[in-house]
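Structure first, then comments.
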Amino acid sequence: MQISGPLQKAYRSIPRSSVVDAYTALRPKQAKLRAAKGQTIVQESGYAEHSMLLLNGWAALSKTMPEGEVQIIDGHRQLNEAWT
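Take the sequence shown: its position 72, counted from the start at 1, is 72 in the UniProt record's numbering, and no numbers get skipped.
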């Protein structure tokens, strides 16, 4: 999903700390988690039990093929960066 138009302008005008604070206020029981490079966040056969907000770095949605190869289906960066 690409953020564009008025929403993108509004988002960029909000300090990053405000966005994180708003998310934390909505999800007070959720802890901030740090994933190591290459760490699986949600297993292919599983599902996320809660929403997630990517604060830094990038994440990929991937599929393991029958031969064992990994195919990246989609990529996600933190919201204030755009794919180039």
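For every residue, glycine included, the Cβ atom is placed at its ideal position computed from N, Cα and C.
Among the residues of its own chain, which have a CB less than 7 Å from the CB of ILE73, if the five just before and after it don't count?
Only LEU61, SER62, LYS63 meet the Cβ criterion.
Return the chain-ordered ranges of every alpha helix (DSSP H) run that is complete within the stretch 27 to 76 and spans a minimum of 4 residues.
Secondary structure remark: continuous alpha helix (DSSP H) runs of at least 4 residues inside the stretch 27 to 76: none found.
Beta-carbon spacing of TYR23, LEU53 below 8 Å
Yes. Within cutoff.
For ALA59 and LEU26, I'd like the C-alpha separation in whole angstroms.
Spanning the two alpha carbons is a distance of roughly 22 Å.
On a CA-only basis, which of LYS32, HIS76, ARG77, ASP21 is nearest HIS50? Give me that one, please.
Ranking LYS32, HIS76, ARG77, ASP21 by Cα distance to HIS50 puts LYS32 first.
Please check the pair ALA35 and VAL42, which I expect to be a contact at CB under 8 Å, by giving their CB distance rounded to whole angstroms.
Here ALA35 is actually not in contact with VAL42; their C-beta atoms are around 10 Å apart, not less than 8 Å.
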